[in-house]
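What follows is a single structure, written as structure tokens, with notes after it.
Chains as they are written, first to last, in the working numbering: chain F, 1 to 316; chain W, 1001 to 1248.
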């Protein structure tokens, strides 16, 4: 490893553009990620997440602009074994065992971790002898994870790693991931779920229509979009006055006889709400991505300004 | 140098395991030419080692087995592309050249059992007798001569979808084998068809073997025609791989 590699940011998109015919899948993406950061790329389907990741891994080339990995063209960094990745829609390779597959991938990297360690980290200890194409969806995803990490790469890229998983598999996936990231690795993962971004990343980058629309710590994003929604029934009565000024509340909406409060602090909001009188049909949920988008893209919402705009970020 | 070859070895090892576990491939790929050989030489009068047909058909069907096995590698490649495995390979440190060479070597190794089983059947069932040097030369020449078909199979696999590859390979297989005179001697074709047949790779592959059993060295024209097809199919494979990389 040369000095330049140490100094260069791990990931650097500079005005990256990728068009498919008329469609601008990535429309001028600027993003820099430093060593040891855990970054979530948050965006809905078609926002440009997967295309950005393809550019980053050198699977595709930008129409304009530049993408660098460890200060090099992506393909060089990939050849040097600096990157491990889990791609979307990868089915398990037929007719090999989990161990054979992970072993092969390890052999292609210059400094892999022991295969047993990778299997252990991915929670595959007992499945090592099983055929990779005869596993459940959650188990197959663990195999993909083991494949991504066995080379002991400096950067781990995960494209919607939990997209097809149920709740239990999702939770155990993130536990495995934490075990790996504690080693000071740089991680970039994409997701639809704000909650996942919040729990597993230090920094959240929101992209929409192929560009960065918000970039900040997960505390920033919570404050901006409201981490949770508090809803209750009115039961025919009119909404009590002063809801908007309750602690934590960012916005108030009434729909079909139910009041929805977007709040940055659901505990404080619920406590204060109860002081106003009896509350019926109370429900507290995490804000979804759609809510985040409404909050971030709506011109009326000033809260999005807590994020540093990408254009300001680029100069720093 | 070792650093370049070691990853290819590992890749070949993995792919060979996968291929041999595909029992359907092993049984049909290796079994079909043997079955055809037995039918061609034993139905309607028993052929034995002394009859020219037992030897001619043995060489023709061993060449056919080599052609089939070579093309089959394409089906496996197309399957890998559909599963996303080719994409996953591209983000390992394995270079595209290493990946293609690894696949070609695997495909090429799969050709050997197909050739040897037909030759063994010839020797054991039909009592074909050749000198040891001739057997060895026959195996090596048919093996090396099948390389154009391995490249063609690979190219189809990179260029086409899994289902299209399958159909294309079956059609190519039957067309080349028939036109090449691997099943029925070209000498029984109408004159114009026989003239066309002599330019096909399958016929020249058979010719390598037929020359060998006659105790003759392969003709320069035969080698030139095969090398030309190897260049054409090799270029197609390289083009298809680069194109597959952009889309996959």
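Every residue gets a Cβ at the ideal spot worked out from N, C-alpha and C, and that includes glycine.
- Annotation: the continuous beta strand (DSSP E) that includes residue 233 of chain F extends over 228 to 233.
- For residue 1164 of chain W, the closest alpha carbon among the candidates W:1179, W:1052, W:1075 and W:1056 is that of W:1075.
- About 5 Å separates the Cβ atoms of residue 154 of chain F and residue 82 of chain F, confirming a contact at the 8 Å cut-off.
- For the pair residue 1171 of chain W and residue 1180 of chain W, the CB atoms are not nearer than the 9 Å cut-off.
- Residue 145 of chain F does not reach chain W, its nearest Cβ partner there being about 12 Å away, counting only Cβ pairs nearer than 7 Å.
- The Cβ atoms of residue 92 of chain F and residue 132 of chain F lie closer than 9 Å to each other.
- Using a Cβ-Cβ distance cut-off of 8 Å, the region 37 to 57 of chain F and the region 227 to 235 of chain F are not in contact, since fewer than three pairs of beta carbons, one from each stretch, lie closer than that value.
- One thing to note: residue 140 of chain F has its Cβ no nearer than 9 Å to the Cβ of residue 40 of chain F.
- A straight line joining the alpha-carbon of residue 1036 of chain W with that of residue 1061 of chain W spans about 8 Å.
- Around the C-beta of residue 218 of chain F, 16 or more other C-beta atoms lie within 10 Å, and the residue is accordingly described as buried.
- Secondary structure remark: continuous beta strand (DSSP E) runs of at least 3 residues inside the region 56 to 117 of chain F, in chain order: 64 to 69 and 83 to 86.
- For residue 1178 of chain W, the enclosing alpha helix (DSSP H) begins and ends at 1162 to 1179.
- According to the DSSP secondary-structure assignment, residue 159 of chain F is paired through a beta bridge with F:190.
- Closer than 9 Å to the CB of residue 73 of chain F there is not a single CB belonging to chain W.
- No Cβ of chain F is located within less than 9 Å of the beta carbon of residue 1188 of chain W.
- DSSP links residue 40 of chain F through a beta bridge to F:189 and F:204.
- Taking residue 1070 of chain W as the centre and dropping the five residues before and after it, the same chain places the C-beta of 1107, 1111, 1146, 1149, 1150 and 1153 closer than 7 Å to its C-beta, in chain order.
- DSSP places residue 1149 of chain W in the helix class (H, G or I) of the three-state scheme.
- Residue pairing for residue 13 of chain F: DSSP places it in a beta bridge opposite F:31 and F:67.
- Among the residues facing chain F, residue 1165 of chain W is not included, as its CB has no counterpart in that chain under 9 Å away.
- Of the candidates W:1117, W:1100, W:1007 and W:1052, the residue whose Cα lies closest to the Cα of residue 1031 of chain W is W:1117.
- Residues are counted here when their Cβ sits less than 9 Å from a Cβ of chain F; for the region 1078 to 1107 of chain W these are 1079, 1080, 1082, 1083, 1084, 1085, 1087, 1088, 1089, 1090, 1091, 1092, 1093, 1094, 1095 and 1098, given in chain order.
- Between the alpha carbons of residue 221 of chain F and residue 204 of chain F lies a gap of roughly 7 Å.
- Membership of residue 253 of chain F in the beta strand (DSSP E) is indicated by the continuous run 249 to 255.
- Chain F has no Cβ within less than 9 Å of the Cβ of residue 1134 of chain W.
- When the alpha-carbon of residue 282 of chain F is set against those of F:240, F:251, F:234 and F:255, the nearest one is in F:234.
- Residue state for residue 280 of chain F is assigned as strand, using DSSP reduced to three classes.
- Residue burial annotation: residue 160 of chain F is buried, with at least 16 other C-beta atoms found within 10 angstroms of its C-beta.
- Annotation for residue 258 of chain F: 231, 232, 233, 234 and 281 place their beta carbon closer than 8 Å to its own, counting only its chain and skipping 5 residues before and after.
- For residue 1055 of chain W, the enclosing alpha helix (DSSP H) begins and ends at 1052 to 1083.
- Here residue 104 of chain F really is in contact with residue 1011 of chain W; their C-beta atoms are around 7 Å apart, less than 8 Å.
- Interface annotation for the region 1184 to 1215 of chain W against chain F: empty, criterion Cβ-Cβ distance under 8 Å.
- Residue pairing for residue 217 of chain F: DSSP places it in a beta bridge opposite F:203.
- Membership of residue 139 of chain F in the alpha helix (DSSP H) is indicated by the continuous run 137 to 149.
- Put simply, the backbone Cα of residue 1194 of chain W is about 50 Å away from that of residue 107 of chain F.
- For residue 19 of chain F and residue 209 of chain F, the gap between their C-alpha atoms comes out near 12 Å.
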